Each structure stands twice: as structure tokens, then as C-alpha cells.
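Counting in this note's numbering, the sequence shown runs from -2 upward without gaps.
Note that CB positions come from ideal geometry on N, CA and C, so glycine has one too.
No experiment lies behind these values; they were computed from the predicted model shown.
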Amino acid sequence: MVGGKQSVEAADSQTESVQQPVDGMATGRAGNTVPEPRVTSMFDSIAPVYDRMNTIMTAGMDGRWRRAAVRAANLAGGGVALDVACGTGKLTADLAAAVGPSGRVVGVDLSAGMLEEARRVYGNLSGVEFVLGNALALPAENGTFDAATIAFGLRNLASFEDGLREMARIVRSGGRVVCLELSVPRPRFLGTIYRGLFRVTAPVAGTVFRRRAAYTYLPKSLEGFPAAEEIAATMRNAGLTDVWFKRFALGAVALHVGTVR
Ligand SMILES: C[S@@+](CC[C@H](N)C(=O)[O-])C[C@H]1O[C@@H](n2cnc3c(N)ncnc32)[C@H](O)[C@@H]1O
-2 MVGGKQSVEA ADSQTESVQQ PVDGMATGRA GNTVPEPRVT SMFDSIAPVY
48 DRMNTIMTAG MDGRWRRAAV RAANLAGGGV ALDVACGTGK LTADLAAAVG
98 PSGRVVGVDL SAGMLEEARR VYGNLSGVEF VLGNALALPA ENGTFDAATI
148 AFGLRNLASF EDGLREMARI VRSGGRVVCL ELSVPRPRFL GTIYRGLFRV
198 TAPVAGTVFR RRAAYTYLPK SLEGFPAAEE IAATMRNAGL TDVWFKRFAL
248 GAVALHVGTV R
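Put into C-alpha cells, the structure is as follows:
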């Protein structure tokens, strides 16, 4: 079974635990400054090519990162999970495999276009449901899920802390909130090179797929995005405990995990 206790502990051993705010921490943006309707229509427009572009831009590594997110969610067979900003549903489907046929996974997204793709590919999976909704006002009761996940979605939200608090709200005590997101590599010179490369490659990839305008948004959404340590502190501010994170791809991607009190 994916997501067993042992695999989570193995992941924990390579992680950075953030129990206290980091002194002298650089301060990133508190949220996305691009208006929600623009973000939504941008994702509507790239929905048909999103998965192919993602595979190209991550050199196929995104599957491995999503599997790590599923393990971190610590789900058991028969569990219930909510995948926020589910997009085309890849993580939702991986979560469904972890909870098995007796479990239930709900994918929520604001883009009807992305949800259409998700339903086209994964609509027949048992126990999986895709729902139109906003990460900042999730269509779920308090404490009703074993875990909430968000993959490459947090940096699109108008408030990162509000998004994380909303995820914590719908998860039961002891359950996990998991965030997989782009980050900026350390040391600083690597971060500068990475941002420069992303600024060039994303629009080029966008041009190939005839979605250039949309793919200039992606590097912009990373500019000013908080460092991994800051996201961890934001999770604690959102009420989560036992916060830890793990970096992938030289820090270009970070997996953050917190537990609901
Ligand atoms: C980069 S995609 C990630 C999709 C998917 N989670 C993945 O791992 O590939 C970001 C997703 O966030 C969604 N999104 C952006 N703002 C949102 C919001 N306020 N509420 C829900 N979904 C949102 C977009 O529609 C888009 O599908």
C-alpha cells in the first residue's frame, strides 16, 4: 500500500523540521497578486496541453514528487482525502490508489477546463469525485477528511496562509496537510540561474503548444514566492503542528507537511 507509516518515517528522516520561525528570514509575498478570474481563464486555456507541458518542463520527475506527496499524506486503505487545486487530477488519482476501493478522494479546482480534463481521464475511477470550488472556501465540513493535499496550486492563491488554514479546517485532528510546490533552489546563485532558465523555457514551451501568454504567467508566479522556510512558518501560522519539509531537484521543488492539532 502506498502511504504506509514506514515510508513516511523514511521521508521524515531526510527532512528539515521547522518548529520555530527562522531569524532573518527573507519575506516573500503573502499571496498571488494576479486576480483570480485571470488565473482561472489562464488554466482553462492551457488545460488540454497542461499534462504534456508539465512532463516536458519537469523532465518527467513530477510523478516521483506526487508519489512522495501521497506518502506524506499518510493515508490508510478506506481513507478520505481532498486534493485542492487538483487540476487535471494526477495527484487525485494517486491518492485514490492509496485509499483503495473503499476510500474516497475529492478533487477541487476553480478551472472548469482543468476539471473537464480530470473527468475525461479519471472520471471512471471508483471513489473519485471532481468538484468545482475555490481553495479559499472549500466545499467541505470541518474535520471531515483524513488529509488535504495541494500540488503546484498554492502559489496561485490570493493568500497562501488562508489557503493552508482552509485545508487544515477540513482535516480531522491528527490528519495531514500536504503541499507540493515549486520553490527557489539554494544557494542564491543557483536560484538566480534557475529563475532565469524558467523565465526563458516556460514561454518557449508555451509557444510550442501555442499557449505563450499563459506560460509567461508561470515564471512570474514564482517571483517573490516565499522560501521553503517561510512556507513552513506560514503552515504553523495556519494552525498546523509538526511541520517539516523536504526539497527535490536541488530545491526547485519543496514538499511541506503539517499535522492538524
Ligand atoms: C499548476 S496547476 C496544478 C494542478 C495539479 N494539482 C497538478 O499537480 O498538476 C494549478 C491549479 O490550481 C488551480 N487554482 C488556481 N487558483 C485556485 C483557487 N483559488 N481554487 C482552486 N483551484 C485553483 C488552477 O485552476 C489549476 O488547475
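- In the DSSP annotation of this structure, the continuous segment of the alpha helix (DSSP H) that includes E163 starts and ends at F157 to I167.
- The three-state reading of DSSP puts R152 in helix, counting H, G and I together.
- Within the model, the alpha-carbon separation for F149 versus C83 is close to 9 Å.
- In the structure shown, the three-state DSSP call for N131 is strand.
- In this structure, A115 is the residue among D239, R258 and A115 with its C-alpha nearest to the C-alpha of A90.
- With 16 or more other Cβ atoms inside 10 Å of its own Cβ, E163 counts as buried.
- For L112, the enclosing alpha helix (DSSP H) has its first and last residue at A109 to Y119.
- By the C-beta density criterion, R169 is exposed, having fewer than 16 other C-beta atoms within 10 angstroms.
- The three-state reading of DSSP puts E226 in helix, counting H, G and I together.
- Comparing alpha-carbon positions, the option among V250, L129 and M50 lying closest to S180 turns out to be V250.
- In this structure, F157 has its CB at a distance of at least 6 Å from all heavy atoms of ligand 1.
- In the DSSP assignment, V105 falls within the unbroken beta strand (DSSP E) covering R101 to D106.
- Excluding its 5 nearest sequence neighbours in each direction, R166 has C-beta neighbours in its own chain below 7 Å: N139, listed in chain order.
- Here A132 is near V81, since their CB atoms are less than 7 Å apart.
- When C-alpha distances from L122 are compared across A137, A134, A224 and G104, the shortest belongs to G104.
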